[in-house]
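A.B. asks: One structure is given below, represented as structure tokens, and several questions about it will come after.
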Amino acid sequence: MKPLHTATTAARRGWLPHPILSALLAASWLALSHSLAVVHLLSAALIGWGVPRLIAPFLGPANHIHWPTACRLAAVVLWDIVLSNITVARLVLGPMARPQPAWIAVPLDSAHPWVNALFASIITTTPGTVSAVVDEAGARIWVHALDCGDAAAMARDMKARYEAPLLRMFGAQPRSST
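The opening position of the sequence shown corresponds to residue 1 in this note's numbering, with each subsequent residue numbered one higher.
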């Protein structure tokens, strides 16, 4: 019978197999404890170190992320959320506003599941886009927009602002155009 955990597997994973998960777990523990006492700092470190090591075989290897691109994308998304909130407020509260809702087909340039999931998540967190459905078989995301004058321009803008940086962030290759 083959052992579930071997020394080579542990050595290959390293001390922190998922450093971001470790940091998030430790920070969450400290936020929940509402204290920076030594006992809470030690327990946060232990949880941040231990939990990812215990579940590492179920998670697989950590993805490599291009952090400068991730930081720029986060800034773009936050800025777009602020601007979209203002735009939606004007649309909803404006005098006799007539929104033009529409379903927009946004073609996917990636088959990478994380890129596609994050792309859909970013789209739905931006006010003015009500929902998104990922159609991986059709290689597109269907986006329901509250107000859309030009669907093609809106799709191009989403791809340029969110999908292209996501592809760079994860080092994913675009789909072949054959």
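Glycine included, C-beta positions come from ideal geometry on N, C-alpha and C.
By Cβ distance below 7 Å, which residues in the same chain neighbour P68 in space, the five residues on each side in sequence not counted?
C.D. replies: Around P68: no qualifying Cβ.
A.B. asks: By the 10 Å Cβ neighbour count, where 16 or more other Cβ atoms means buried, how is T129 classified, buried or exposed?
C.D. replies: By the 10 Å Cβ count, T129 comes out buried.
A.B. asks: Report the option in V143, A172, L118, L146 whose CA atom is closest to the CA atom of V77.
C.D. replies: Taking only the C-alpha atoms, the option nearest V77 is L118.
A.B. asks: Determine the burial state of H112: buried for a count of at least 16 other Cβ atoms within 10 Å of its Cβ, exposed for fewer.
C.D. replies: buried
A.B. asks: Enumerated in chain order, which unbroken segments of the alpha helix (DSSP H) with a length of 4 residues or greater are wholly contained in the region 63-113?
C.D. replies: Complete alpha helix (DSSP H) runs here, min 4: 67-93.
A.B. asks: Determine the direct distance from the alpha carbon of P107 to that of A23, and round the result to whole angstroms.
C.D. replies: A23 and P107: Cα-Cα distance of roughly 34 Å.
A.B. asks: Report the three-state DSSP secondary structure of W180 (helix, strand or coil).
C.D. replies: Nothing about residue 180 can be read from this structure; the chain reaches only from 1 to 178.
A.B. asks: If we ignore side chains and look at the alpha-carbon of each, how far apart do A10 and G48 end up?
C.D. replies: Low local confidence applies: a pLDDT of 43 at A10 is under 50, so the model's placement there is unreliable, with the coordinate-based value given in what follows. Rounded to the nearest angstrom, the two C-alpha atoms are 17 Å apart.
A.B. asks: Shortest alpha-carbon distance to I141 belongs to which of G50, L91, R156, I55?
C.D. replies: R156
A.B. asks: Going straight from the alpha carbon of Q173 to that of P95, what length do you get?
C.D. replies: 46 Å
A.B. asks: Report buried or exposed for N85, applying the criterion of at least 16 other Cβ atoms within 10 angstroms of its Cβ.
C.D. replies: exposed
A.B. asks: Am I right that A74 and M169 are in contact with their C-beta atoms under 8 Å? What's the rounded C-beta distance?
C.D. replies: Not a contact, Cβ separation roughly 10 Å.
A.B. asks: Leaving aside the five residues before and after T87 along the sequence, list all residues of the same chain whose C-beta is less than 7 Å from its C-beta, in chain order.
C.D. replies: G128
A.B. asks: So, for P99: in the same chain, excluding its five sequence neighbours on each side, which residues have a beta-carbon less than 6 Å away from its beta-carbon?
C.D. replies: L91, L146, D147
A.B. asks: Grouping DSSP H, G and I as helix and E and B as strand, with all else coil, what is A117?
C.D. replies: Under the three-state reduction of DSSP output, A117 falls in the helix class.
A.B. asks: What did DSSP end up calling R175 once you bin it into helix, strand or coil?
C.D. replies: coil
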